[in-house]
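Using this note's numbering, read the sequence shown as starting at 38 and increasing by one per residue. Backbone N, C-alpha and C define an ideal beta-carbon position, used for all residues, glycine too. Keep in mind the model is a prediction, meaning the values are calculated, not measured. Encoded as structure tokens, the structure appears first; notes follow it.
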Amino acid sequence: MLTKQQILDDFTKALKNKDEVKKRTLESIKSEILVFEKAKAGNEATAEKIGEILKSMAKKRREAIEAYEAAGRAELAAKEKEELAVIESYLPEQMGEEQIKKAVRKIVAEQGLTKADFGKAMGIVMGQLKGKADGTVASKILQEILE
């Protein structure tokens, strides 16, 4: 499990190795963790919370990459892709599309869900696949299966 200390240690290594991309990205991760901890008394950066923070950061990077590419800003998109690669290296391995399809089909069959139950179905799917599957991909697959 990823800990705050591991991120700090990796940041120190990146500084010593003069790895600017990793240093910049880990600095950003440290900042997000600090914001989370300071947001409310008692907030603790557990491995699970750090994972959620990293997923959120990865999602923001993907959206920025799309926006930069649409605007023709290849250099900024490349910078975001570098940072995304560092962030993803700290995330647990995500399920592939075929694995998600298999899991969603099983859930739909077990629960007897229909198109009208999309909201309920999505809640069940994400409850079972949380942390293992991208919600956007799972939503798209669920829509296809329920049709």
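Residue Ile87 holds the alpha-carbon nearest to the alpha-carbon of Ile70 among Lys167, Val174, Glu57, Ile87. The C-beta of Glu184 has fewer than 16 other C-beta atoms within 10 Å across all chains shown, which makes the residue exposed. For Asn54, the uninterrupted alpha helix (DSSP H) segment begins and ends at 41 to 54. For Leu128, the secondary structure class from DSSP, reduced to helix, strand or coil, is coil. Three or more beta-carbon pairs separated by less than 8 Å are not found between the segment 99 to 115 and the segment 130 to 137, which leaves the two stretches without contact.
With at least 16 other beta carbons inside 10 angstroms of its own, Glu117 counts as buried.
For Thr62, the uninterrupted alpha helix (DSSP H) run begins and ends at 57 to 76, by DSSP. The alpha-carbon separation between Val72 and Gly149 amounts to approximately 42 Å. Look at Asp171 here: in three-state DSSP terms it is coil, with no helix or strand label.
A straight line joining the alpha-carbon of Ser65 with that of Thr151 spans about 42 Å. Two segments are said to touch when three or more pairs of C-beta atoms, one from each, lie closer than 8 Å; by this definition the segment 133 to 142 touches the segment 160 to 168. Around the beta carbon of Glu100, a 10 Å sphere encloses fewer than 16 other beta carbons of the protein chains shown; the residue is thus reported as exposed. No Cβ-Cβ contact shorter than 8 Å links Leu39 with Ala51. According to the DSSP assignment, Glu106 belongs to the alpha helix (DSSP H) that extends over 84 to 107.
For the pair Ala84 and Glu74, the CB atoms are not nearer than the 8 Å cut-off.
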